[in-house]
Structure formats: structure tokens, C-alpha cells
Amino acid sequence: MNWMASSSRIIQRGAPLWQQTALRAFASSRGSPRFSLPRAPKQFDAPTTNKKWRTHNVSLDLGYYAPMQDEKMLVDAHHDSPHSWENEEMDLAQEVQAIQEQEDERKRRWIENAKPPIRKPVIDERGRAYGRGGRKTAAARVWIQPGLGHVTVNRQDMIDYFERTTDRELVLAPLVATATCGKFDVTAMVTGGGLTGQAGAIRHGLARALNHYNPDVYRP
């Protein structure tokens with residue numbers, strides 16, 4: 309068995325491509341001084357041996373590696389992504405602006421609520437101010453209007469209705485506190501409870517009527 313026969317047999321057995329190429333090159337350039345390959349072991353030249361070349365199908369495909377191209381694709385994807393650093397900074401700035409607007413709105417409400425309420429007089433077409441008061445089980449409705457200081461309770465004079473001086477003083481307490489005795493005529497309608505409870509209810513209603521008449525001067 310010569311070397312050409314061995315080479316053709318190895319090629320026919322399905323040797324790897326690199327080995328087939330080398331054998332073909334060796335066969336075509338046999339005897340040429342410019343191209344030489346090491347000879348096979350001598351046992352392959354001996355006609356009595358049964359040993360043959362051992363061939364293996366080795367896969368040289370170790371994968372696709374292009375680090376520079378992958379890195380460029382990654383950079384391009386990062387720039388093309390909606391969550392790039394520029395968009396992230398813009399989103400962060402919008403969040404900060406929204407939080408600042410909420411803080412400003414909260415401060416504005418605080419300042420608005422801290423302002424004193426605007427009080428307006430509540431006077432009917434007859435020039436009277438009305439106040440509703442209560443004490444225990446007694447309830448009173450009181451009207452005041454500019455006058456000479458007459459006090460009427462249930463269509464009676466206060467002196468006739470309240471016999472005790474303490475009840476009379478209780479009724480006139482708001483006028484004394486605001487120094488308006490003799491400046492307003494008072495008309496009260498009271499129901500329920502005892503005389504002391506009714507006097508307390510009239511006092512409550514009279515204080516509210518004064519507040520409605522002039523909220524800036526006669527504040528509670």
C-alpha cells in the first residue's frame with residue numbers, strides 16, 4: 309500500500325476538511341521541493357499491518373464572537389432606548405417639579421386657611437339681626453335693632469317676665485360686655501326649661517345677634 313492509496317482511502321472515509329485539504333495538497337505536490345509534509349508512520353507503509361489512521365469528527369465551531377460589534381450594538385441600543393440617561397434625567401426633573409408643585413400648592417392652602425375669615429353683617433330688610441341660642445332644654449330666638457334699649461321677652465317686658473335680678477343680669481350680660489346698653493332694642497321668644505335656663509338661652513341668642521349685626525366689632 310503506497311501513500312497515495314492511503315490518502316485516497318482516508319479522504320473517502322470522511323476525514324475532516326483540514327486533513328482532506330492537506331492530503332490533497334500533499335498528493336498534488338508530491339516531489340516538489342517547495343511543499344513538504346511529514347510522512348506518516350512506517351506502520352502505514354507496511355503491507356502486512358492492519359492499523360489505519362484514526363480520524364475524528366471534531367467540531368471547530370466554537371461560537372460567534374464579535375466583541376467590538378456587540379459593544380457597538382449595545383451602545384446603539386442604549387442610545388436608542390427610551391430609558392437612556394437623557395430621558396432618565398428628564399423624568400427625574402419632571403418628578404422633582406411635580407413634587408415642588410405639590411409642596412407649593414400645600415403651602416398656598418395653608419396660607420389661605422390661616423387667613424381670618426371674611427365676616428359680613430347679616431341684617432334683614434327691617435334692619436334687624438337675628439341670633440339663636442340655647443341653654444339646657446331652653447331655646448331662644450333673639451332679634452336686635454337700633455333703639456333705646458327696650459328688652460321684650462315673649463311679648464312681655466323683661467322686668468315683668470324675670471322677677472329675679474340674677475336672671476335679668478344674665479340676659480343683659482352681652483350688652484354690658486359690648487358696652488351697647490341703651491343702643492339696641494331686644495325682642496326674644498323663648499320656650500322650654502326654667503327661668504334661669506331661659507335667661508341663659510336669651511343671653512346666648514343675644515350674643516349671636518350682636519355678632520351678626522357687626523362681626524368686626526362684636527366678635528364672639
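Residues in the sequence shown are numbered consecutively from 309, following the working numbering.
Glycine included, C-beta positions come from ideal geometry on N, C-alpha and C.
Asked: Of all the alpha helix (DSSP H) runs that stay within the bounds of the region 460–528, which reach a length of 4 or more residues?; Found: 466–469, 473–485, 503–521
Asked: Have a look at T473 and V459 and give me their C-alpha separation to the nearest angstrom.; Found: 14 Å
Asked: Rounded to a whole number of angstroms, what is the C-alpha to C-alpha distance between P429 and V450?; Found: 16 Å
Asked: Could you round the C-beta distance between R436 and Q453 to whole angstroms and report it? I think they count as a contact, below 8 Å.; Found: 5 Å
Asked: I'd like to confirm the pairing. Which residues does DSSP put opposite Q453 in its beta bridges?; Found: D493
Asked: Rounded to whole angstroms, how far is the Cβ of D475 from the Cβ of A507, which I believe are closer than 8 Å?; Found: 4 Å
Asked: Quick check: H520 and Y469, are their CB atoms within less than 8 Å of each other?; Found: no
Asked: Let's test the definition: count the other Cβ atoms within 10 Å of the Cβ of G513 and tell me whether it reaches 16, buried, or not, exposed.; Found: buried
Asked: Excluding five sequence neighbours on each side, which residues of the same chain lie with their C-beta closer than 6 Å to the C-beta of T495?; Found: W451, T460
Asked: A509 and E482 - do their beta-carbons sit closer together than 8 Å?; Found: Checking the displayed sequence, the identity of residue 482 turns out to be Pro instead of Glu. Result no, Cβ atoms of P482 and A509 do not sit closer than 8 Å.
Asked: Does the beta-carbon of V404 have 16 or more other beta-carbons within 10 angstroms, so that it is buried, or is it exposed?; Found: exposed
Asked: Taking the C-alpha atoms as reference points, what is the distance between F492 and T499?; Found: 22 Å
Asked: Which residue marks the beginning of the beta strand (DSSP E) containing R440, and which one marks its end?; Found: 437–443
Asked: Rounded to the nearest angstrom, what separates R527 and A517 at their Cα positions?; Found: 11 Å
Asked: Can you list, in chain order, the residues of its chain with a C-beta nearer than 8 Å to that of D524? Leave out the 5 residues immediately preceding and following it.; Found: R427
Asked: To which residues does DSSP link A448 through a beta bridge?; Found: G441, V498
Asked: Between the alpha carbons of N522 and E396, how many angstroms are there, rounded?; Found: 59 Å
Asked: Could you check what DSSP says for K428 in three-state terms: helix, strand or coil?; Found: coil
Asked: In this structure, how does DSSP classify R434 when only helix, strand and coil are distinguished?; Found: coil
Asked: Quick one: what's got a C-beta closer than 7 Å to K444's C-beta in the same chain, skipping five residues either side?; Found: G501, G505
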